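Down below is the structure, laid out as structure tokens.
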Amino acid sequence: MAALIGCAIVSSPPARAQWWSHKPADFEECADLAEKAPTKEAKSAALSECNAKFAGRRKPGGGYAYFDFMQNRSFDIAGPNPTPEEQRQIDEQYTAYLEKQRRSRIAAAFAARQQQLQQQASLKSEAEKAPPNTAGIAKPHASASDLKRVKPAGCPRDSFSCEWPRLSESLNDLKKALFGSPSSKSPRPKQGMPG
6 MAALIGCAIV SSPPARAQWW SHKPADFEEC ADLAEKAPTK EAKSAALSEC NAKFAGRRKP
66 GGGYAYFDFM QNRSFDIAGP NPTPEEQRQI DEQYTAYLEK QRRSRIAAAF AARQQQLQQQ
126 ASLKSEAEKA PPNTAGIAKP HASASDLKRV KPAGCPRDSF SCEWPRLSES LNDLKKALFG
186 SPSSKSPRPK QGMPG
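Numbers 6 to 200, taken from the working numbering, label the letters of the sequence shown in order.
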């Protein structure tokens with residue numbers, strides 16, 4: 006029986022050897038063993054395997070830390086890889102991080118919009134308060150009849166409030182033409198109501 010077992014062991018195909026002689030406990034041991042690889046390509050491949058195998062890194066004071074690049078922060082973990090409970094906590098922190106980022110973006114967009122509206126209102130009020138600076142521009146002299154027909158600046162076309170002065174002047178001119186000037190006529194006496 007012993008001879009049969011011995012023959013089976015000797016005749017069995019050789020087991021595929023890994024690049025390390027013993028199984029590393031964490032990333033740092035794995036990286037130390039990878040540095041002993043004979044070629045640069047083998048070292049690079051071994052380090053990639055170490056990165057895939059171990060998520061945590063040894064801390065100087067003891068213990069391990071897991072760096073989550075999505076949150077740009079580290080988490081303390083018990084071993085070289087996070088436990089399922091630690092991974093759940095990291096995921097919960099990431100969800101909270103995303104919510105905080107979303108709220109921050111919304112608040113920033115709201116503040117930018119408020120600032121834009123305030124700037125527009127400020128520019129509008131400044132434009133309304135400050136008359137245009139035309140001191141250096143020579144203005145032609147207008148006659149009295151031209152001044153009556155000039156529309157105030159900033160009036161929209163066909164606006165009653167802007168057209169009323171012109172219409173009123175036209176009616177006054179028509180009254181003068183038909184009935185003469187009001188100063189030449191005496192006012193009419195008021196008639197009482199029959200009672």
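Just so you know, even glycine gets a beta-carbon here, dropped at the ideal spot from N, CA and C.
Predicted, not measured: the structure shown is a model, and the values here were computed from it.
If you draw a straight line from the alpha carbon of residue i to that of residue j, how long is it in whole angstroms?
i       : j       : result
Ala-60  : Gln-119 : 45 Å
Gln-106 : Pro-85  : 29 Å
Lys-129 : Gln-121 : 12 Å
Glu-90  : Leu-38  : 30 Å
Phe-74  : Ile-95  : 12 Å
Around the Cβ of residue i, are there at least 16 other Cβ atoms within 10 angstroms (buried) or fewer (exposed)?
i       : result
Phe-184 : exposed
Pro-87  : buried
Could you pull the start and end residues of the beta strand (DSSP E) that residue i belongs to?
i      : result
Phe-80 : 78 to 82
Does the distance from the CB of residue i to the CB of residue j come in under 8 Å?
i       : j       : result
Phe-32  : Arg-62  : yes
Ala-51  : Ala-42  : yes
Tyr-99  : Ile-82  : no
Cys-55  : Ala-30  : no
Glu-40  : Lys-28  : no
Gln-125 : Tyr-102 : no
How would you write the range of the alpha helix (DSSP H) that residue i sits in, first residue to last?
i      : result
Ala-30 : Neither: Ala-30 is in no alpha helix (DSSP H) and is coded neither H nor E.
query = In chain order, which beta strand (DSSP E) runs of at least 3 residues are fully inside the region 59 to 133?
reply = Listed in chain order, the complete beta strand (DSSP E) runs (minimum 3 residues) inside the region 59 to 133 are 69 to 73, 78 to 82.
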